[in-house]
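A quick write-up on the structure given underneath.
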């Protein structure tokens, strides 16, 4: 791709909840775009006056985030679809796009189905299928959830959502910055699988997100069982393994601030 210029190479800022998340930055053909991680599986993109937010989850606060022109929801569990967080980051002009499975919890949102495209506030959005290949709970069936390609500032951002490397993901082209899930339960998207899928997409930059399910459970319930990874690795070991798998590629791996310290 080679369209992305990097003004901040890596964000390793594990901040307490009272400290706003720090924005990472990429520069494309139409100027700088700020990227701010949101707990576990969300992010906010800022380009000029345009703000696009994906899966805002307010469990650790929303400090540092701006009111959005466009909010994208990938699925209907609470860490993807948080109506209070969406309301806090919305005004009268905010448009919310979501899969049909979110309609009951967010009746004012606009449904976009797998394979559909639209343009909102000058931002091109493509809905990409997100689903499981390996069976088992928690299940993510075909046709239920979305990933998104967001074209903003002359760059293409891919938010995969919770998915394996399905045919629809493999068909995505010309991605500059990718957000990829890892460590999904029952052995989906292991470090090797996530890295292989990233190589197929060939972005300039990749962020891993949605990779610490135990953190997500403890964020909502401090007494929750953190659980374990089915392949016997720690979270840190999986991050390192993913990075090793991309050795020799031209893909820059960034560790965003998706998991600030729990109180």
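In the working numbering, the protein residues as written are 21 to 283.
Think of the CB as a built atom: it goes at the ideal place given N, C-alpha and C, for glycine as much as any other residue.
It should be emphasised that the depicted structure is a prediction, and the values quoted were computed from it without experimental measurement.
Once DSSP output is grouped into helix, strand and coil, what is the label at residue i?
i: residue 250; result: coil
i: residue 189; result: helix
i: residue 78; result: coil
i: residue 228; result: strand
i: residue 106; result: helix
i: residue 47; result: strand
i: residue 308; result: The question about residue 308 has no answer, for the chain in this structure spans 21 to 283.
i: residue 141; result: coil
i: residue 157; result: coil
i: residue 57; result: strand
i: residue 96; result: coil
Can you tell me where the alpha helix (DSSP H) holding residue i begins and where it ends?
i: residue 221; result: 211-221
i: residue 239; result: 233-240
i: residue 259; result: 255-265
Measure the beta-carbon distance from residue i to residue j and round it to whole angstroms, keeping in mind my assumption that it falls under 8 Å.
i: residue 132; j: residue 117; result: 5 Å
i: residue 182; j: residue 230; result: 6 Å
i: residue 171; j: residue 192; result: Wrong, their Cβ atoms sit about 12 Å apart, outside the cutoff.
i: residue 214; j: residue 228; result: 7 Å
i: residue 145; j: residue 65; result: Contact doesn't hold; Cβ gap of about 12 Å is too wide.
i: residue 154; j: residue 188; result: No, residue 154 and residue 188 are not in contact; Cβ-Cβ is about 16 Å, not under 8 Å.
i: residue 169; j: residue 148; result: 6 Å
i: residue 261; j: residue 211; result: 4 Å
i: residue 196; j: residue 175; result: 4 Å
i: residue 90; j: residue 141; result: 6 Å
i: residue 163; j: residue 203; result: About 24 Å; that fails the 8 Å criterion.
i: residue 237; j: residue 259; result: Their Cβ separation, rounded to whole angstroms, is 19 Å, which puts residue 237 and residue 259 out of contact at 8 Å.
Considering only residues of the same chain and omitting the five flanking positions on each side of residue i, which have a CB-CB separation below 7 Å?
i: residue 218; result: 198, 200, 226, 266, 271
i: residue 36; result: Any reading at residue 36 needs caution, since the residue's pLDDT is 29, under 50, leaving its predicted position unreliable; the model's value is listed next. Excluding residues within five positions, the ones whose Cβ falls inside 7 Å are 280, 281.
i: residue 269; result: 219
i: residue 111; result: 87
i: residue 173; result: 48, 50, 51, 53, 67
i: residue 138; result: 132, 145
i: residue 124; result: none
i: residue 239; result: 59, 79, 80, 282
i: residue 244; result: 237, 238
Given residue i, which residues of its chain have a CB within under 6 Å of its CB, disregarding the five upstream and five downstream residues?
i: residue 75; result: 61, 62, 94, 100
i: residue 216; result: none
i: residue 119; result: 165, 166
Residue range of the beta strand (DSSP E) that residue i falls in?
i: residue 178; result: 175-179
i: residue 83; result: Counting along the chain, residue 83 falls outside any beta strand (DSSP E), and DSSP gives it neither H nor E.
i: residue 198; result: 197-201
i: residue 272; result: 272-274
i: residue 91; result: 90-92
i: residue 117; result: 115-118
Per DSSP, residue i is paired with what?
i: residue 166; result: 149
i: residue 71; result: 66
i: residue 132; result: Partner(s): none; residue 132 has no beta bridge.
i: residue 126; result: For residue 126, which the question treats as bridged, DSSP gives no partner whatsoever.
i: residue 52; result: 47
i: residue 12; result: With the chain covering only 21 through 283, there is no way to say anything about residue 12.
Once the 5 residues before and after residue i are set aside, which same chain residues still bring their CB inside 8 Å of it?
i: residue 161; result: 151, 152
i: residue 105; result: 76, 77, 78, 82
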